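Student: After the structure tokens below, expect a handful of questions from me.
Numbering (our numbering), first residue to last: 736 to 1114.
Have a look at this one:
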């Protein structure tokens, strides 16, 4: 995560001959930086990102000479795996969703995960709590290892996504609200990556909130947790809670594995809350099971494996019992509701749950990701 503080960029064009995108070195915002293009791991070409890109005015207000467009047709074999890095580093410039199958998915350095876990104190809850938040069972040592791996990767994915969209999560005071935070798995790693950030985790699962307060807030005083209900509370797919945050004060909202278990009414309620609390230019990282032609068969198989009937309402499909549902939302409906709250969809990344065609080593990529931006200039 050290280099993520310096660079931002994206590869957003490839037609089989021309390869393009943008790159910024934040330590020198007015100076174009170099990029390195690799084919099958071998350096192919170095060039300068100095083409004018007016669309980058929000990302780089002072100077939009951050684009690159390179003709590499004669230098690379058809079908070769391509990779673009910031000049003189092996930090990859991530591709858009459409280009991922061509140039490879953005990778997480799992050696950094090991170093992070060993260099800073990392609390891990009891196995029963890990099972509660993940549904996974097995040996406690395996559950603890997976808990750490997923926590690190999701936190890193959130930070990298924010950087890719022109935000600076390493800015002192950068604020997160984590809806459905469980017992603070993501918080644990954000606190290590972002030394001066602020965080509020919200969940109706009181035991998880109490564990997080004892084991995380006690060590990281800017990382707070809140349970909005006074009594023991399980999943209630039709319920949503008001977030105890003032209007327009949050830089980034996180909601992983929350919208996958709430119905359209609760979904809309939380989208209203996200729109209310985000600053202009603020970001939201939300995971879903999105229902579309490709995923419909997968959702039916999931219901059959659970021995339940898949209810096919027009707004969302779902199965479950006792207030706990797996819900498959219509992405077009969700985006339309978000737009009413001033939330623009900037990315939908389809997840591994759909099948091997979407396989990835990124633990953060299991569910579908919807990335939103609040209308207005960033603060």
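Note that beta-carbon positions come from the ideal geometry of N, C-alpha and C, so glycine has one too. Bear in mind the structure is a predicted one, so any value in this text is a computation, not a measurement.
(1) Helix, strand or coil for residue 700 per DSSP?
(2) Please work out which residues of its chain come closer than 8 Å, Cβ to Cβ, to residue 743, disregarding the five sequence neighbours upstream and downstream, and give them in chain order.
(3) Give the single residue among 775, 924, 1053 whose Cα lies nearest to the Cα of residue 973.
(4) What does the Cβ neighbour count give for residue 930, buried or exposed, with the cut at 16 atoms within 10 Å?
(5) Whole alpha helix (DSSP H) runs in the stretch 941 to 973 with 4 or more residues, listed along the chain?
(6) Could you check the C-alpha separation between residue 763 and residue 892 for me, to the nearest Å?
(7) In its own chain, which residues sit with a C-beta less than 7 Å from the C-beta of residue 938, not counting the 5 before and 5 after it?
(8) How would you write the range of the beta strand (DSSP E) that residue 1064 sits in, first residue to last?
(9) Are residue 1012 and residue 1105 touching if we call contact CB-CB under 8 Å?
(10) Alpha carbon to alpha carbon, what distance is there between residue 1086 and residue 909?
(11) Can you list the alpha helix (DSSP H) stretches of 4 or more residues lying completely in the stretch 1010 to 1039, in chain order?
(12) Cα separation between residue 787 and residue 1027?
(13) Which of helix, strand or coil does DSSP assign to residue 1104?
(14) Could you tell me if residue 925 is buried or exposed, where buried requires 16 or more neighbouring beta carbons within 10 angstroms of its beta carbon?
(15) Going by C-alpha to C-alpha distance, which of 1032, 1043, 1002, 1040 sits closest to residue 1023?
(16) Taking its Cβ as the centre, do 16 or more other Cβ atoms sit within 10 Å of residue 711, making it buried, or is it exposed?
(17) Assign residue 896 to buried or exposed, taking buried as 16 or more other Cβ atoms, counted over all protein chains shown, within 10 Å of its Cβ.
(18) Report the rounded CA-to-CA distance for residue 781 versus residue 769, giving the unit in angstroms.
(19) Counting C-beta neighbours from all protein chains within 10 Å, is the total for residue 806 16 or more, i.e. buried, or is it exposed?
(20) Using a 10 Å radius around the Cβ and a threshold of 16 neighbouring Cβ atoms, would you call residue 816 buried or exposed?
(21) Starting from residue 799, trace the alpha helix (DSSP H) in both directions and tell me its first and last residue.
(22) Hey, out of 766, 765, 772, 767, whose CA is closest to residue 746's CA?
(23) Which class does residue 916 belong to by DSSP, given the choice of helix, strand or coil?
(24) How far does the beta strand (DSSP E) with residue 745 in it extend, from its first residue to its last?
Tutor: Looking at the atomic coordinates:
(1) It is not possible to answer for residue 700, since the shown part of the chain is limited to 736 through 1114.
(2) The residue labelled residue 743 in the question sits at position 8 within the chain shown. Answer for residue 743: 758, 759, 761, 794, 898, 899, 901, listed in chain order.
(3) By 1-based counting over the chain shown, the position of residue 973 is 238. Closest by alpha carbon: 1053.
(4) In the chain shown, residue 930 corresponds to position 195, counting from 1. It counts as exposed.
(5) 941 to 947
(6) Locating residue 763 in the chain shown gives position 28, where the first residue counts as 1. Locating residue 892 in the chain shown gives position 157, where the first residue counts as 1. Going by the C-alpha atoms only, they are around 24 Å apart.
(7) Position 203 of the chain shown holds residue 938. 915, 916, 917, 944, 962.
(8) As a first step, residue 1064 is located in the chain shown; it is residue number 329 there, counting from the start. Unbroken beta strand (DSSP E) run through residue 1064: 1059 to 1064.
(9) Within the chain shown, residue 1012 is the residue found at index 277, counting from 1. Within the chain shown, residue 1105 is the residue found at index 370, counting from 1. Going by C-beta atoms, residue 1012 is not nearer than 8 Å to residue 1105.
(10) Here residue 909 is taken as the residue at index 174 of the chain shown, counted from 1. Here residue 1086 is taken as the residue at index 351 of the chain shown, counted from 1. Cα to Cα, the separation comes out at about 28 Å.
(11) none
(12) Position 52 of the chain shown, counting from 1, holds the residue named residue 787. Position 292 of the chain shown, counting from 1, holds the residue named residue 1027. Cα to Cα, the separation comes out at about 37 Å.
(13) Start at 1 with the first residue of the chain shown, and residue 1104 comes out as number 369. Note: residue 1104 maps to strand in three-state DSSP.
(14) The residue given as residue 925 occupies position 190 in the chain shown. The residue is buried, with at least 16 neighbouring Cβ atoms inside 10 Å.
(15) As a working note, residue 1023 is residue 288 in the chain shown. Measuring from the Cα of residue 1023, the nearest candidate turns out to be 1002.
(16) With the chain covering only 736 through 1114, there is no way to say anything about residue 711.
(17) Along the chain shown, read from residue 1 onward, the residue named residue 896 stands at position 161. Its Cβ being crowded by 16 or more others within 10 Å, residue 896 is buried.
(18) Taking the chain shown and counting its residues from 1, one reaches residue 781 at position 46. Taking the chain shown and counting its residues from 1, one reaches residue 769 at position 34. Taking the straight line from one Cα to the other gives about 7 Å.
(19) Along the chain shown, one-based indexing puts residue 806 at 71. Result: exposed.
(20) Taking the chain shown and counting its residues from 1, the one referred to as residue 816 is at position 81. Per the 10 Å Cβ criterion, exposed.
(21) As a first step, residue 799 is located in the chain shown; it is residue number 64 there, counting from the start. Looking at the DSSP string, residue 799 is not in any alpha helix (DSSP H), and its letter there is neither H nor E.
(22) Translated into positions along the chain shown, residue 746 becomes position 11. Taking only the C-alpha atoms, the option nearest residue 746 is 772.
(23) The sequence position of residue 916 within the chain shown is 181, counting from 1. It is coil, neither helix nor strand.
(24) For the purposes of this step, residue 745 is taken as residue 10 along the chain shown, with counting starting at 1. Taken as a continuous stretch (DSSP letters only), the beta strand (DSSP E) holding residue 745 covers 742 to 749.
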